[in-house]
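The block underneath contains the structure these notes are about, expressed in structure tokens.
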Amino acid sequence: MSMAESLVRWRYRLLPDHVVGEILAKKWIDSVIPFTALVILCAIFGAIVPGFFDVTTLTNLSGQTAELGLVVLGMTIVMVSGGIDLSVGSTFALAVLVTLYGMNVEQWSFGTGLLACLGLGVVCGAINGFLVGFLRMRAFLTTLVTLIIYRSTFDIVFPHVSTAIVTSGPDSPTYDFLGFGTVWGVPTSFAVFVVIALVIHLVLSRARYGWRLFAVGGARRSAYNAGINVRFTLFSAYVL
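When you number the sequence shown by numbering that gives the first Met the number 0, it's gap-free, plus one each residue, and the end is 239.
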């Protein structure tokens with residue numbers, strides 16, 4: 000064995016760079032890295048903030064993050080399909096504004112408010128999906144423009160209805176239960192978020208629609224050659 004071969008062998012034995020490279024090449028590393036980062040952040044906050052891991056604190060955090068988690072689930076579907084939607088926050092704010100005005104001021108029933116919220120979200124998502132999926136416009140720039148439009152609409156309408164919304168309240172036990180109730184000590188909103196997250200996980204991992212989303216996100220040309228309706232799949236991802 001030559002000296003050069005011996006040096007190379009000792010290098011791979013002593014230096015950890017090849018080990019790191021092999022670990023980073025594993026398929027499961029994409030899930031481990033964000034989970035590890037989350038654990039580290041929780042440990043840091045637990046060490047800095049007194050009572051961070053108390054039951055009361057965890058309950059409050061889970062209840063507050065549930066609504067943002069629903070937005071993230073919608074963004075997940077879009078990103079799996081290879082797109083991006085910058086207008087999700089504005090769509091969320093606009094849909095909530097309409098729902099709160101209807102339920103607080105107009106005294107809509109919970110079902111009517113829910114349908115109005117979902118309907119407005121579907122309309123806003125369908126606009127993005129049509130522009131990106133069928134007209135093949137750039138997702139980043141398109142959703143940036145719709146973000147500005149939706150947000151501007153919210154900013155124009157909000158000052159005129161904010162006082163009426165704040166000074167009124169919905170007369171709906173279901174609304175109160177979903178917003179402030181608990182199920183076995185867990186906030187109802189967080190429980191709903193977990194159920195929806197599990198359903199989306201099953202759809203993405205077990206249903207044909209989820210496989211089509213991954214196929215379109217991985218390679219649109221290959222997905223088209225495989226017989227997948229790429230345009231409609233992209234459109235439906237933004238609607239969801």
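Ideal Cβ positions, reconstructed from N, Cα and C, are used throughout, including at glycine. Note that the structure is predicted; figures quoted are calculated from it, not measured.
(message) Starting from D175, trace the alpha helix (DSSP H) in both directions and tell me its first and last residue.
(response) 172-179
(request) Using the Cα positions of D53 and Y223, report the straight-line distance between them to the nearest angstrom. (result) 51 Å
(request) Let me know if I76 comes out buried or exposed under the rule of 16 or more other beta-carbons within 10 Å of its beta-carbon. (result) buried
(request) Determine contact between the segment 61-72 and the segment 122-131, defined as no fewer than three beta-carbon pairs at a distance below 8 Å. (result) no
(message) Buried or exposed for S89, going by 16 or more other Cβ atoms inside 10 Å?
(response) buried
(request) Please name the residue in G82, V38, I199, G226 whose C-alpha comes closest to that of R137. (result) G82
(request) Whole angstroms is fine: what's the gap from L238's alpha carbon to D84's? (result) Position check: residue 238 holds Val in this sequence, whereas Leu was assumed. Approximately 11 Å between the Cα atoms of the pair.
(request) Output the boundary residues of the alpha helix (DSSP H) element that contains R150. (result) 138-165
(message) Could you check whether G132 and R230 sit closer than 9 Å to each other, using their CB atoms as the reference points?
(response) yes
(message) So A196 and L40 are supposed to be a Cβ contact under 8 Å. How far apart are they, rounded?
(response) The Cβ separation is near 20 Å, so there is no contact.
(message) So, at 8 Å on beta carbons, what are the nonlocal neighbours of L212 in its own chain, with the 5 sequence-adjacent residues on each side left out?
(response) I76, V79, S80, L203, T232, A236
(message) Can you find the residues in the same chain that come closer than 7 Å, C-beta to C-beta, to V87, ignoring five residues on each side of it along the sequence?
(response) V70, G73, M74
(request) Go ahead and pull the three-state DSSP assignment for V95. (result) helix
(message) Do G101 and S240 have their beta-carbon atoms positioned less than 9 Å apart in this structure?
(response) This structure leaves residue 240 out entirely; the chain is present only between 0 and 239.
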